[in-house]
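So the sequences go chain by chain: A and B. Under full-length UniProt numbering, the first residue of the first sequence is numbered 1, with each subsequent residue one higher. Under full-length UniProt numbering, the first residue of the second sequence is numbered 1, with each subsequent residue one higher. We put the beta carbon where it would ideally sit given N, CA and C, even for glycine. Please read all numbers here as calculations on a predicted model, not as lab measurements. These notes concern the structure reproduced below.
2 protein chains.
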Amino acid sequence: MRYAPLTQAIQGETVDAWDIHFKATALKEKDSSVIVLSIGDPDFDTPTPVIDAAVAGLKGGDTHYVEIEGRDNLRAEIANQHQQKCGQPVTKDNVILLAGAQNALFSSALCILQPGDEAIVLQPMYVTYEACIQLTGAKLVPVAMDKHNNFRLDKDALAAAITPKTRAIFFATPNNPSGVMLNKDELSYIADLAISHDLWVVSDEVYSRTVFEGEHVSIAGFDKMAERTITLNSLSKSHAMTGWRAGWAIGPETLIKHLSNLSLCMLYGLPGFVQQAAYVALTDSQALMDSEAMRESYRRRRDTLVACFEKHENLACIPPEASMFLLVDVSQTGLNAQQFAEALFEQERIGVLPATAFGQCASDYIRISYVVDDEQLAQACERIDNFMLQFV
Amino acid sequence: MRYAPLTQAIQGETVDAWDIHFKATALKEKDSSVIVLSIGDPDFDTPTPVIDAAVAGLKGGDTHYVEIEGRDNLRAEIANQHQQKCGQPVTKDNVILLAGAQNALFSSALCILQPGDEAIVLQPMYVTYEACIQLTGAKLVPVAMDKHNNFRLDKDALAAAITPKTRAIFFATPNNPSGVMLNKDELSYIADLAISHDLWVVSDEVYSRTVFEGEHVSIAGFDKMAERTITLNSLSKSHAMTGWRAGWAIGPETLIKHLSNLSLCMLYGLPGFVQQAAYVALTDSQALMDSEAMRESYRRRRDTLVACFEKHENLACIPPEASMFLLVDVSQTGLNAQQFAEALFEQERIGVLPATAFGQCASDYIRISYVVDDEQLAQACERIDNFMLQFV
């Protein structure tokens, strides 16, 4: 049977990179000594008040159709917190709940991109950007962050990538996999380009609550950016709620109406009991304290890993400002990232990802997810020390 | 800012029809005597064992990422039940879980249709088909069911609608809003056309467990149809789980792989606790008994309404074989469907839908959803009797 060309556009080329992750998770079922540092799924439980809210919703019969855009109180709370943080004046009418930031990215791309367009994405980038952009018929134009400057913005490269066909700039801040958080100067540069070339900006901020140093800044709050910015966020990372599929987009009211029309035929809203849980996640003091405690754990783990990698002369680690990931340049070992990751798994039973999947500019790097407890992480560091002996 | 043309394709023309529904639900908050017969949301609670399974999943920490296609045990159970019912040999690899049959319809359309294609939909049709098909760039070609024959298949009209551009035939059996269930002869006719013209068939079977008379037949089980049929189903209607967003598509393995690639960038799987609940819904004897009890309630309500409408000479009701809806021809009253629905709401505080939204062929009809308890339904019948006095 014939399939639509779209099915070609969503076939990732980067599946190989996950082989080690799949091998590691499969082996871990038989061998508990395997340490899986290859996925961005928090090891924490969802905060208890959030679970309790979902349970109360389920037991209270909140299992029927709900408003397509999400409930007013939840949308208003998201709008309120966004405005408090970045200053962009928004109401619930600027917010739509969707099934995770992934669904929000997918939906936003469909509403703003069309065949013939070019969409710039700052690289390294999360692996699903490629499919989300290509399925609209638009062309993805990767702009590599500057790997000689710890993967910070390469302003000249960004400016040079803009053509008359450019329609949007997509980025994640903090970035997965680098953990780099764009600063005011960098965002201001992007904003100026977006305004002068009349571009959309899609800012994926799912790690914005997992920040170790400095202040997270949202480009939506910059002058004249409200009308052209789509801010994506979710509870997946901040509240260890990856499986709940609860995220949102914030943007101009017209965009939200289009996204609502799309959700009507794509999704038909999020479960009411999930929305009750989401509201508690964003407002309950215990839930917020739990979220902060997770962040402090990630900070401690990051410090442990950075200290480990800095000991080894032929590894160069980029200390992340945020997120639950870090990149390590392994090229000085004489192995490429895939070889290094395979050897580390074979010899030391540690699963990490070759960062090639996140863009060519990251091909010398492995991505480490610090989503295991302190004890496992200490073990991982010992094994890495041992592994590195062969390269001395 | 410029939006993609897709945003035009998903702007429904049929929103007016829902005005009365929105008015009725708004007034009901202030006036409990309002009777809302305008939505397809069961008034029942989700069966307790299903709730309990979700609660156990939540409390057990089943809140992390899960397999994109859904869990093996759930997919295998769906495959098993489908095979038992219709004879199509399928395994879990022919099944993908998606966020409701709506999401499965949307995703299937994206994977099989492209600009230039024509997709036939049997009309009356549920309102979101238009957007789902048009957003792919394909043209929706409605084929009216025969209203002079209780909205059964018009074979000649279907055959005549096929052109070299036709790529697929979409239908719902049982149908929303007519409650008509396609029989073996009708499905066989459709299958022959699909095979001889090499067409996809998308069979939306969300009301297949809500059948009052006769046997529900799935076209997927017909000879040579497995390779070209996509069967959509969900728990929304059968188990009063509309808000859970739990549905699936069954089809060729290649299609499932494409749908899985799509889900990776669109949705990223269903919550694990929802999947645990779904498994219980499909296998637990109490949950299945509850589902059957719902069906018996719908049957009783249907009988009540049919008896009510048959009393009135200038109303012609099509007794549905299945579903939770029925159509009533109101044209003999001298009012059109919109006027009739408005007057019924203004005078008797009953919300029904003008069926115009489901296709031009249904424009003489109102759709009644029997999703209220026996007492309210008896009241509704009394009020309808009273309302009809003015037309005598």
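Within 9 Å (strictly less), CB to CB, does residue i reach chain B?
| i | result |
| --- | --- |
| residue 59 of chain A | yes |
| residue 135 of chain A | yes |
| residue 338 of chain A | no |
| residue 114 of chain A | yes |
| residue 309 of chain A | no |
| residue 268 of chain A | yes |
| residue 94 of chain A | no |
Are the C-beta atoms of residue i and some chain A residue less than 9 Å apart?
| i | result |
| --- | --- |
| residue 286 of chain B | no |
| residue 227 of chain B | yes |
| residue 11 of chain B | yes |
| residue 279 of chain B | no |
| residue 89 of chain B | no |
| residue 258 of chain B | yes |
| residue 271 of chain B | yes |
| residue 190 of chain B | no |
| residue 31 of chain B | no |
| residue 86 of chain B | no |
| residue 167 of chain B | yes |
| residue 106 of chain B | yes |
| residue 250 of chain B | no |
| residue 21 of chain B | no |
Using only the alpha-carbon positions, how far apart do residue i and residue j sit?
| i | j | result |
| --- | --- | --- |
| residue 144 of chain B | residue 329 of chain B | 16 Å |
| residue 139 of chain B | residue 7 of chain B | 15 Å |
| residue 110 of chain A | residue 72 of chain A | 25 Å |
| residue 113 of chain A | residue 9 of chain A | 14 Å |
| residue 90 of chain A | residue 282 of chain A | 17 Å |
| residue 95 of chain B | residue 358 of chain B | 29 Å |
| residue 331 of chain A | residue 154 of chain A | 22 Å |
| residue 398 of chain B | residue 159 of chain B | Here chain B comprises residues numbered 1 to 392, so residue 398 of chain B is not present and cannot be evaluated. |
| residue 279 of chain A | residue 245 of chain A | 14 Å |
| residue 190 of chain B | residue 88 of chain A | 55 Å |
| residue 107 of chain A | residue 386 of chain B | 48 Å |
| residue 272 of chain A | residue 341 of chain A | 42 Å |
| residue 186 of chain B | residue 250 of chain A | 47 Å |
| residue 335 of chain B | residue 240 of chain B | 34 Å |
| residue 266 of chain B | residue 131 of chain A | 9 Å |
| residue 263 of chain A | residue 382 of chain A | 48 Å |
| residue 260 of chain B | residue 69 of chain B | 6 Å |
| residue 23 of chain B | residue 348 of chain B | 13 Å |
| residue 27 of chain B | residue 18 of chain B | 14 Å |
By DSSP, does residue i sit in helix, in strand, or in coil?
| i | result |
| --- | --- |
| residue 23 of chain A | helix |
| residue 121 of chain A | strand |
| residue 255 of chain A | helix |
| residue 369 of chain B | strand |
| residue 234 of chain A | strand |
| residue 201 of chain B | strand |
| residue 152 of chain A | strand |
| residue 139 of chain A | strand |
| residue 174 of chain A | coil |
| residue 391 of chain B | helix |
| residue 280 of chain A | helix |
| residue 325 of chain A | strand |
| residue 97 of chain A | strand |
Using a threshold of 9 Å, state whether the C-beta atoms of residue i and residue j are closer than that.
| i | j | result |
| --- | --- | --- |
| residue 392 of chain B | residue 368 of chain B | no |
| residue 378 of chain B | residue 333 of chain B | no |
| residue 243 of chain A | residue 98 of chain A | no |
| residue 227 of chain A | residue 1 of chain B | yes |
| residue 400 of chain B | residue 345 of chain B | This structure cannot speak to residue 400 of chain B, because chain B is shown only from 1 to 392. |
| residue 48 of chain A | residue 290 of chain A | yes |
| residue 372 of chain A | residue 37 of chain A | yes |
| residue 123 of chain A | residue 338 of chain A | no |
| residue 380 of chain B | residue 366 of chain B | no |
| residue 169 of chain B | residue 133 of chain B | no |
| residue 104 of chain B | residue 276 of chain B | no |
| residue 221 of chain B | residue 85 of chain B | yes |
| residue 102 of chain A | residue 268 of chain B | yes |
| residue 302 of chain A | residue 171 of chain A | no |
| residue 237 of chain A | residue 181 of chain A | no |
query = At a cut of 8 Å, does the stretch 190–197 of chain A reach the stretch 55–66 of chain A through at least three beta carbon pairs?
reply = Taking 8 Å as the limit for Cβ pairs, the verdict is that the stretch 55–66 of chain A does not touch the stretch 190–197 of chain A.
message = Any contact between the stretch 204–213 of chain A and the stretch 229–236 of chain A? By contact I mean 3 or more CB pairs, one from each, below 8 Å.
response = Segments in contact, yes.
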